[in-house]
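> Sequence positions in the sequence shown follow the working numbering and run 26 to 229.
Idealized CB from N, CA, C, for every residue including glycine.
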Amino acid sequence: MVDPAAAAKGKKDDDNASAIAEKLLQGWTMLAEYCPVEGCQTPLMRSREGKRFCVAHDMFVMSPEEAAAMKRDGKGVAGIEASSPTHAAPAPRPAERIDFYRQLKDGSSPSTIPEPVVAMDAAPTPPTTTTTALPSTATDACDARVNVDAVARATMDTVARKMSDARALLAVSASLSESHELLAFIEMCASTIKTLRETPPSRG
């Protein structure tokens, strides 16, 4: 019998991996840092504007430097608008977003293929979250490093599946423009997989 808790965790990990893969294809960077929210070991992403973002909580998080700057200014890290340490401005989304990945997953031909270079999101709202301490114990730190390796592998698998689906669409495409966009998308996937493979594994 499948453990419901394990099944839920597996689904959450898959969702996070898909979200990370999507951000990588948009030109974001996966950092060797983890979400500062207690209990969350999701690797942080860095946007094109240099902001740190947690896909698990769908929010931007404050960097240690920003927190230190607030302390120097006399505002105090806890003096931000929100009283909850996990409250933050949601990540900006494009005005019209085609769920390309879900259409591929469902086996249908996407009505619109994503552009090779995704347009930059609107400038994000200044983050209103605080940075809590990262795992302090050796065990927690080791678990976090193992987790980021697992997420990286899952992300690579997700991107590889998307690339395979795009190749299948390319094989039956009769449109030159659509074929060009599919080729560009496949190239982006291949580049992302290459980057993930070249990333040194975390060491405990």
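Could you check the C-alpha separation between Glu-212 and Arg-97 for me, to the nearest Å?
Locating residue 212 in the sequence shown gives position 187, where the first residue counts as 1. Locating residue 97 in the sequence shown gives position 72, where the first residue counts as 1. Roughly 45 Å separates the two Cα atoms.
> Taking the C-alpha atoms as reference points, what is the distance between Met-188 and Thr-180?
Walking along the sequence shown from the start, residue 188 turns up at place 163. Walking along the sequence shown from the start, residue 180 turns up at place 155. About 12 Å.
> Work out the CA separation of Arg-71 and Gly-99 for me, nearest whole Å.
By one-based count along the sequence shown, residue 99 stands at place 74. By one-based count along the sequence shown, residue 71 stands at place 46. The straight-line gap from Cα to Cα measures roughly 27 Å.
> Using DSSP bridges, identify the partner residues of Ala-210.
For the purposes of this step, residue 210 is taken as residue 185 along the sequence shown, with counting starting at 1. The amino acid at residue 210 is misidentified as Ala; the sequence shows Phe. DSSP output for Phe-210 lists no bridge partner at all.
> Cα-Cα, which of Trp-53, Tyr-59 and Glu-47 is closest to Val-86?
Walking along the sequence shown from the start, residue 86 turns up at place 61. For Val-86, the nearest C-alpha among the options comes from Tyr-59.
> How long is the line joining the alpha carbons of Ala-46 and Met-95, rounded to whole angstroms?
Counting from 1 along the sequence shown, the entry for residue 46 is found at position 21. Counting from 1 along the sequence shown, the entry for residue 95 is found at position 70. Between Ala-46 and Met-95, the C-alpha separation is close to 32 Å.
> In three-state DSSP terms, what is Val-86?
Numbered from 1 along the sequence shown, position 61 holds the residue referred to as residue 86. Correct three-state label for Val-86: strand.
> If you draw a straight line from the alpha carbon of Pro-68 to that of Ala-57, how long is it in whole angstroms?
Position 43 of the sequence shown, counting from 1, holds the residue named residue 68. Position 32 of the sequence shown, counting from 1, holds the residue named residue 57. Going by the C-alpha atoms only, they are around 7 Å apart.
> Can you give the beta carbon distance from Leu-50 to Thr-217, rounded, assuming they're within the 8 Å contact cut?
Taking the first residue of the sequence shown as position 1, residue 50 is located at position 25. Taking the first residue of the sequence shown as position 1, residue 217 is located at position 192. 6 Å between Cβ atoms; contact.
> Cα-Cα, which of Lys-76, Asp-83 and Ala-81 is closest to Glu-90?
Within the sequence shown, residue 90 is the residue found at index 65, counting from 1. The option with the nearest alpha carbon to Glu-90 is Lys-76.
> Between the alpha carbons of Asp-39 and Ala-81, how many angstroms are there, rounded?
For the purposes of this step, residue 39 is taken as the residue at position 14 of the sequence shown. For the purposes of this step, residue 81 is taken as the residue at position 56 of the sequence shown. When rounded, the distance between both Cα atoms is 11 Å.
> Just the C-alpha distance for Ser-43 and Glu-63, rounded to the nearest angstrom, thanks.
Sequence index remark: in the sequence shown, residue 43 carries index 18 (1-based). Sequence index remark: in the sequence shown, residue 63 carries index 38 (1-based). Answer to the nearest angstrom: the Cα atoms are 22 Å apart.
> Go to Pro-29, then tell me how far its alpha helix (DSSP H) extends in each direction, as first and last residue.
Reading the sequence shown from its first residue, position 4 is the one you call residue 29. Pro-29 -> alpha helix (DSSP H) spans 29-50.
> Would you report the Cα separation of Leu-221 and Ala-191, rounded to the nearest angstrom?
By one-based count along the sequence shown, residue 221 stands at place 196. By one-based count along the sequence shown, residue 191 stands at place 166. Taking the straight line joining both Cα atoms gives about 20 Å.
> For Pro-68, report the span of its beta strand (DSSP E) as first-last.
Your numbering for residue 68 matches position 43 in the sequence shown. That run of the beta strand (DSSP E) goes 68-71.
> Helix, strand or coil for Ala-57, going by three-state DSSP, please let me know.
By 1-based counting over the sequence shown, the position of residue 57 is 32. The answer is strand: DSSP assigns Ala-57 an E or B state.
> For Arg-186, which beta-bridge partners are listed by DSSP?
For the purposes of this step, residue 186 is taken as residue 161 along the sequence shown, with counting starting at 1. Answer is none; Arg-186 lacks a bridge partner.
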